[in-house]
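What follows is one structure encoded as structure tokens, with my remarks underneath.
Numbering (our numbering), first residue to last: 22 to 243.
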């Protein structure tokens with residue numbers, strides 16, 4: 022095993038790109054690289070995405086140290102991208118959420134961020150679409166606007182996606198949803214003042230404003 026940093030210091034390291042081979046129907050390129058330092062030899066196998074290969078254009082033959090380090094960084098990014106795609110297969114993630122998951126898998130922060138941004142650019146992560154889906158889940162639970170807003174921010178949606186939230190929420194009849202929640206849990210507006218107070222506290226935790234709660238109570242009373 023060659024110690025890369027020690028070999029560099031000795032100025033005896035020779036790095037050779039020996040072969041390139043496509044895999045996964047051409048979506049990836051496998052590079053086989055030989056490191057030689059005196060009598061010591063070590064082979065490295067690096068995998069790049071097809072787009073990385075087209076950008077870096079590695080050629081068979083002797084590589085400079087800078088070119089080798091670029092290829093290693095690109096291969097690590099490719100590995101993070103594939104890990105991100107695997108995580109996305111289990112469910113949607115925002116770029117922020119996916120970055121945190123990649124960090125927990127041992128990737129460096131810069132690599133994790135770059136991988137998440139790549140998946141966002143290529144449409145694997147679509148935060149506006151995912152925000153709408155998450156909003157639909159919240160509405161099925163009869164949450165109010167304040168709780169929905171806090172929940173979506175906690176999910177890490179970016180500013181572009183969140184900027185569309187007010188338009189989505191403006192189409193929702195939260196007074197009617199609040200009335201539905203009262204029907205579901207109480208049947209009708211409680212007559213007892215203390216029971217009403219507890220109901221209002223309950224509805225507030227669901228994210229409804231006092232005005233929405235009062236309107237819903239009047240609607241049910243009428």
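For every residue, glycine included, the Cβ atom is placed at its ideal position computed from N, Cα and C. No experiment lies behind these values; they were computed from the predicted model shown.
For residue 49, no alpha helix (DSSP H) run applies; the uninterrupted beta strand (DSSP E) run containing it begins and ends at 49-58, by DSSP.
Cα atoms of residue 233 and residue 168: separation of roughly 14 Å, rounded to the nearest angstrom. CA-to-CA, the gap between residue 145 and residue 119 works out to about 11 Å. Look at residue 103 here: in three-state DSSP terms it is helix. Between the segment 75-87 and the segment 109-124 there are fewer than three C-beta pairs closer than 8 Å, too few to call the two in contact.
For residue 236, the closest C-alpha among the options 216, 218, 197 is that of 197. Straight across, the Cα-Cα distance linking residue 75 with residue 151 is about 31 Å.
Judged by DSSP in its simplified three-state form, residue 82 adopts strand. Annotation for residue 115: no beta strand (DSSP E) segment contains it, and DSSP assigns it neither H nor E.
Judged by DSSP secondary structure, residue 34 falls within the beta strand (DSSP E) whose first and last residues are 34-44. Assignment of residue 149 by DSSP, reduced to helix, strand and coil, places it in the helix class. Contact check for residue 227 and residue 165: beta-carbon distance about 5 Å, within the 8 Å limit, so the pair qualifies. Selection 69, 105, 39, 174 evaluated against residue 99 yields 69 as nearest (Cα-Cα). In this structure, DSSP gives residue 62 an extended state, which the three-state scheme calls strand. Within the model, the alpha-carbon separation for residue 175 versus residue 117 is close to 10 Å.
The C-beta distance from residue 201 to residue 163 rounds to 6 Å, short enough to meet the 8 Å contact threshold.
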